[in-house]
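*Asks:* Mind having a look at this structure? Questions to follow.
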Amino acid sequence: MSQQVRGVIARGKGEPVSVETVVVPDPGPGEAVVAVQACGVCHTDLHYREGGINDEFPFLLGHEAAGVVESVGEGVTGVAPGDFVVLNWRAVCGQCRACVRGRPWYCFNTHNATQKMTLTDGTELSPALGIGAFAEKTLVHAGQCTKVDPAATPAVAGLLGCGVMAGLGAAINTGGVQRGDSVAVIGCGGVGGAAVMGARLAGASRIIAVDIDQRKLETALRLGATDTVDSSGTDPVAAIRELTGGFGADVVIDAVGRPETYQQAFYARDLAGTVVLVGVPTPEMRLELPLIDLFSRGGALKSSWYGDCLPTRDFPVLIDLYLQGRLDLAAFVSETIPLDDVEAAFGRMHRGEVLRSVVVF
Numbered sequence: 024m025s026q027q028v029r030g031v032i033a034r035g036k037g038e039p040v041s042v043e044t045v046v047v048p049d050p051g052p053g054e055a056v057v058a059v060q061a062c063g064v065c066h067t068d069l070h071y072r073e074g075g076i077n078d079e080f081p082f083l084l085g086h087e088a089a090g091v092v093e094s095v096g097e098g099v100t101g102v103a104p105g106d107f108v109v110l111n112w113r114a115v116c117g118q119c120r121a122c123v124r125g126r127p128w129y130c131f132n133t134h135n136a137t138q139k140m141t142l143t144d145g146t147e148l149s150p151a152l153g154i155g156a157f158a159e160k161t162l163v164h165a166g167q168c169t170k171v172d173p174a175a176t177p178a179v180a181g182l183l184g185c186g187v188m189a190g191l192g193a194a195i196n197t198g199g200v201q202r203g204d205s206v207a208v209i210g211c212g213g214v215g216g217a218a219v220m221g222a223r224l225a226g227a228s229r230i231i232a233v234d235i236d237q238r239k240l241e242t243a244l245r246l247g248a249t250d251t252v253d254s255s256g257t258d259p260v261a262a263i264r265e266l267t268g269g270f271g272a273d274v275v276i277d278a279v280g281r282p283e284t285y286q287q288a289f290y291a292r293d294l295a296g297t298v299v300l301v302g303v304p305t306p307e308m309r310l311e312l313p314l315i316d317l318f319s320r321g322g323a324l325k326s327s328w329y330g331d332c333l334p335t336r337d338f339p340v341l342i343d344l345y346l347q348g349r350l351d352l353a354a355f356v357s358e359t360i361p362l363d364d365v366e367a368a369f370g371r372m373h374r375g376e377v378l379r380s381v382v383v384f
């Protein structure tokens, strides 16, 4: 029997969100209904509201969430009612060309729930990243539920569902940061801050945080940066080179995703170094680089999708590190808010006043 819950809806491009009644159907084959306990306010949700991802309005926003499985559909064996889970938007299929080659973190055919949640008048909702977790309950594919230790605080655990995992994974999985490496992170919001933390966790010897906002640079120091560069008044390429003996960093992570910051990352790396793009550019952006520089500098230019994570592999390990006191995920939670405060939280996020606002149910 379907249920009615409260959820945050974006009805049109640029319109303020509203809290409305959402109809959640019983789970079908391969699906699960999750009682959401916490959900982070992510830039991606704002992109949905602004029409920056697609125009399939109305959207049920929210995707960075943790909660408890309430019920499962036919054929579900990986999770059961009562399991504490982090929701993810990479439910790997196990059958595509990436999966069969043993690279499931690149899965090209990830699963979402087949059924649609709706408004009370029957209007179908598009759940953000196939999740839609700014709601008291949500319907997802069972593979989008990753079981973790229930001792973790939901407001913290849910952050692995998107931004924090993207940053940690950009450093550890995509960038392959090793002990003793030098790392520079350009853009130190939530994702960039997590990349700083990931570099520290991997054992980098020098971690250079670059931003134009002094508040974010101070936060980066708390998250593990050894040095900061205020690029509003300093050439970041020259500064990074000076801090690395004139060579450039072994790994440079662009957590902004603009042509200007990507060029900075490209020229701030050492010969044969690695550039990781984890900031998301917009479709109209273009990049121009001399081809000889691409050849002569060598190394690797990588894009990081969701931190190249495999949720079943990465989430439980990171939660265990958090519970052991070795990974301060709680540092990313700037505030907890009620569901009705999401629109105001978008404003605080856009102004750079918070790392993460988290809706707590």
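Just so we're on the same page, my numbering is the position in the sequence shown counted from 1, plus 23.
The beta carbon of each residue, even a glycine, is placed where N, CA and C say it ideally should be.
Fair warning: this is a prediction, and the values are worked out from it, not measured in the lab.
1. On a Cα-Cα basis, can you pick out the residue from H164, V252, T251 and V187 that is closest to G221?
2. Taking 8 Å as the cut-off, decide whether the C-beta atoms of C168 and L110 are in contact.
3. With a CB to CB cut of under 6 Å and the five nearest residues on each side skipped, what residues in its chain are close to R202?
4. Report, in whole angstroms, the separation of the C-beta atoms of A158 and L69, which I expect to be a contact under 8 Å.
5. Could you pull the DSSP bridge partners for P150 from this structure?
6. Counting only the same chain and skipping the five closest in sequence on each side, list residues whose C-beta sits under 6 Å from that of V91.
7. Could you tell me how far apart the beta carbons of Q347 and P177 are, in whole angstroms, since I believe they sit closer than 8 Å?
8. Within 10 angstroms of the Cβ of E311, are there 16 or more other Cβ atoms? Answer buried if so, exposed if not.
9. Okay, do the segment 310-324 and the segment 136-143 touch, 3+ Cβ pairs below 8 Å being the bar?
10. Count the other C-beta atoms from every protein chain shown that fall within 10 angstroms of the C-beta of K36, then say buried if there are 16 or more, exposed otherwise.
11. Measure the beta-carbon distance from R292 to G269 and round it to whole angstroms, keeping in mind my assumption that it falls under 8 Å.
12. Along the beta strand (DSSP E) that carries D106, what are the first and last residues, could you check?
13. I'd like to check one pair, V274 with V303: are the Cβ atoms closer than 8 Å?
14. Are the CB atoms of A136 and L162 within a distance shorter than 8 Å?
15. For a test of the three-state rule: what should DSSP assign to R225, helix, strand or coil?
16. Smallest Cα separation from Q27: which of T359, A33 and P48?
17. By the 10 Å Cβ neighbour count, where 16 or more other Cβ atoms means buried, how is P50 classified, buried or exposed?
18. Excluding sequence positions up to five away, which residues of its chain have a Cβ less than 6 Å from the Cβ of G63?
19. For L344, which residues of its own chain have a beta-carbon under 8 Å away from its beta-carbon, when the five flanking residues on both sides are left out?
20. Straight-line CA distance for P306 to Y71?
21. Helix, strand or coil, according to DSSP, for T76 in the structure here?
22. Excluding the 5 residues flanking I235 on each side, which residues of the same chain have their C-beta closer than 8 Å to its C-beta?
23. Which residues bound the alpha helix (DSSP H) around T335?
24. For F369, tell me which candidate among V45, N77 and G85 has the shortest Cα-Cα distance.
25. Given that a residue counts as buried once 16 or more other Cβ atoms are within 10 Å of its Cβ, and exposed if not, what is S228?
26. What's the C-alpha gap between V95 and I209?
27. For D250, which three-state DSSP category applies?
28. Mind checking who S94 pairs with in its DSSP beta bridge?
29. For I32, name the three-state secondary structure that DSSP assigns.
30. CA-CA distance, Q286 and A189?
31. Around the C-beta of M24, are 16 or more other C-beta atoms found within 10 angstroms, so that it is buried, or is it exposed?
*Replies:* Looking at the atomic coordinates:
1. V187
2. yes
3. G226
4. The pair is not a contact, with the Cβ atoms about 17 Å apart (cut-off 8 Å).
5. L83
6. A58 and F107
7. About 18 Å separates the two Cβ atoms, so there is no contact after all.
8. exposed
9. no
10. exposed
11. 13 Å between Cβ atoms; not a contact.
12. Annotation for D106: no beta strand (DSSP E) segment contains it, and DSSP assigns it neither H nor E.
13. no
14. In contact: L162 and A136 (Cβ atoms closer than 8 Å).
15. According to the sequence as given, residue 225 is Ala; it is not Arg. If DSSP states are grouped into helix, strand and coil, A225 belongs with the helices.
16. P48
17. Taking all protein chains shown into account, P50 has 16 or more neighbouring C-beta atoms within 10 Å of its C-beta and is therefore buried.
18. E87, G181, L182, R379 and V381
19. L224 and L350
20. 14 Å
21. With the sequence shown as reference, residue 76 is identified as Ile, and Thr is not the correct amino acid for it. Coil at I76, not helix or strand.
22. D253, S254 and S255.
23. P334 to L346
24. G85
25. exposed
26. If I take the Cα positions, the gap works out to 42 Å.
27. strand
28. S94 pairs with V56.
29. strand
30. 21 Å
31. exposed
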